[in-house]
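The structure under discussion appears below in the form of structure tokens.
Protein chains: 2
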Amino acid sequence: MEITDALDLLKEKGYKYTGKREKMVRLFSEKRRYLSAKEVLLDMQEEYPNLSFDTIYRNLTLFEELGLLETTEFKGEKQYRFSCGSTHHHHHLICTKCRKTISFEMCPMNVIFGSPKDFMITGHKFEIYGYCSDCMEAGV
Amino acid sequence: MEITDALDLLKEKGYKYTGKREKMVRLFSEKRRYLSAKEVLLDMQEEYPNLSFDTIYRNLTLFEELGLLETTEFKGEKQYRFSCGSTHHHHHLICTKCRKTISFEMCPMNVIFGSPKDFMITGHKFEIYGYCSDCMEAGV
DNA sequence: CTCTTTGCAAAACATTTGCATGCCT
DNA sequence: AGGCATGCAAATGTTTTGCAAAGAG
Chain G
1 MEITDALDLL KEKGYKYTGK REKMVRLFSE KRRYLSAKEV LLDMQEEYPN
51 LSFDTIYRNL TLFEELGLLE TTEFKGEKQY RFSCGSTHHH HHLICTKCRK
101 TISFEMCPMN VIFGSPKDFM ITGHKFEIYG YCSDCMEAGV
Chain S
1001 MEITDALDLL KEKGYKYTGK REKMVRLFSE KRRYLSAKEV LLDMQEEYPN
1051 LSFDTIYRNL TLFEELGLLE TTEFKGEKQY RFSCGSTHHH HHLICTKCRK
1101 TISFEMCPMN VIFGSPKDFM ITGHKFEIYG YCSDCMEAGV
């Protein structure tokens, strides 16, 4: 996913590409890792000091609905990251310190399961947690 | 995990086996599925009408620390279930309607990965979501 | 009798909503 | 101009904490 894709998606659906939305998109595009609503707010407030949580949440929710952002849940907080692009299903290694992610394509569902007859599968979650090389070196 | 194991664990660590704790343990032992704090409270209040959330949370936290309960996170709520017993690592199929779980021993970590050099793995989460046979029939 | 457990009340924290105003197209 | 976006304030929902009273070993 690139910034221009995000812009197109918003336009296409009739949403406005405001300065705040642009900055939010740029933030996610630069960081490429999971961010909490609070982190987004703090970063945004450098440019928009009056910005408040409701706008952040409204836009995070909108972006998620549009498929711009992928989400997961982490220590009781929802976490958002720029979508890797929906071309193929994938999973992540997630650094629990800096929340950087590394994608990988292997999916256990393909490898292992047939479909159990007594359970209708609708989804799954597979995430690997640990420390990325930077955070390892920093001495966790 | 059986009720008597829970009792032993509490005694062993010097915690008291109060009527409320006993009922909580029995509840989890009977249900054998994920329950939210609210569900636990509602069930408990049939016997203890004045019981409040703080006691529930304190005991849920204690039980989790003791390894009596396994937890996961689900729609912004923490969910607790009676531990399957720590004899071997396992994962769950989770019915998203009734939160019943079905254990399975296959772990994708064993099957697929060596250890990537640039990431120190400390944990993982693998859960499969869907509808159990009961909820399928009930016509979700 | 002592230390743990509980109830009460209040607070902390993440998230959501109503409403009036402001801004993009 | 018209509809979407935002700020403000207040509410919601989950979970935590301090303190004093009650209960278990």
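If you read the protein sequences in the order shown, they are chains G and S.
Okay, so the first sequence: first residue is 1 according to my numbering, each after it adds one.
Okay, so the second sequence: first residue is 1001 according to my numbering, each after it adds one.
Note that the Cβ used here is the ideal one computed from N, Cα and C, for glycine as well.
Pull up the distance between the alpha-carbon of residue i and that of residue j, whole angstroms please.
{"i": "H1088/S", "j": "N50/G", "result": "52 Å"}
{"i": "S1083/S", "j": "D1008/S", "result": "15 Å"}
{"i": "L1066/S", "j": "R1058/S", "result": "12 Å"}
{"i": "R81/G", "j": "P1116/S", "result": "23 Å"}
{"i": "K1031/S", "j": "E1137/S", "result": "20 Å"}
{"i": "C1135/S", "j": "D118/G", "result": "10 Å"}
{"i": "D1054/S", "j": "S103/G", "result": "40 Å"}
{"i": "K1011/S", "j": "M1001/S", "result": "16 Å"}
{"i": "E77/G", "j": "E64/G", "result": "15 Å"}
{"i": "E39/G", "j": "I56/G", "result": "10 Å"}
Tell me which same chain residues have a C-beta within less than 6 Å of the C-beta of residue i, skipping the five on either side of it?
{"i": "Q45/G", "result": "L51"}
Can you list, in chain order, the residues of its chain whose CB lies under 7 Å from that of residue i, leaving out five sequence neighbours each side?
{"i": "E1127/S", "result": "T1072, H1091, H1092, I1094"}
{"i": "Y1048/S", "result": "K1020"}
{"i": "A1006/S", "result": "V1025, L1068"}
{"i": "K23/G", "result": "M44, E47"}
Apart from the five residues just before and just after residue i, which ones in its own chain have a Cβ nearer than 8 Å to its Cβ?
{"i": "Q1079/S", "result": "Y1034, L1035, S1036, T1071, T1072, E1073, R1099"}
{"i": "I1003/S", "result": "V1025, R1026, S1029"}
When the cut-off is 9 Å and only beta carbons count, does residue i lie next to chain G?
{"i": "L1069/S", "result": "no"}
{"i": "I1003/S", "result": "no"}
{"i": "V1025/S", "result": "no"}
For chain S, check one thing: does any of its Cβ atoms lie closer than 9 Å to the Cβ of residue i?
{"i": "E73/G", "result": "yes"}
{"i": "K16/G", "result": "no"}
{"i": "K78/G", "result": "yes"}
Rounded to the nearest angstrom, how far is the Cβ of residue i from that of residue j, given a contact under 8 Å?
{"i": "Y15/G", "j": "L60/G", "result": "About 14 Å separates the two Cβ atoms, so there is no contact after all."}
{"i": "K1097/S", "j": "Y1131/S", "result": "6 Å"}
{"i": "T18/G", "j": "Y1129/S", "result": "With 8 Å as the limit, T18/G and Y1129/S do not qualify as a contact, their Cβ atoms being about 36 Å apart."}
(message) Please identify, using Cβ separations under 8 Å, the residues of the stretch 32 to 61 of chain G that lie next to chain S, in order along the chain.
(response) none
(request) Return the residues of the stretch 116 to 140 of chain G that lie within a Cβ-Cβ distance of less than 9 Å from chain S, sorted by chain order. (result) P116, K117, D118, F119, M120, I121, T122, G123, H124, K125, F126, E127, I128, Y129, G130, Y131, C132, S133, C135, M136, V140
(request) Check distances from the C-beta atoms of the stretch 1082 to 1096 of chain S to those of chain G and list, in chain order, the residues that come in under 8 Å. (result) L1093, C1095, T1096
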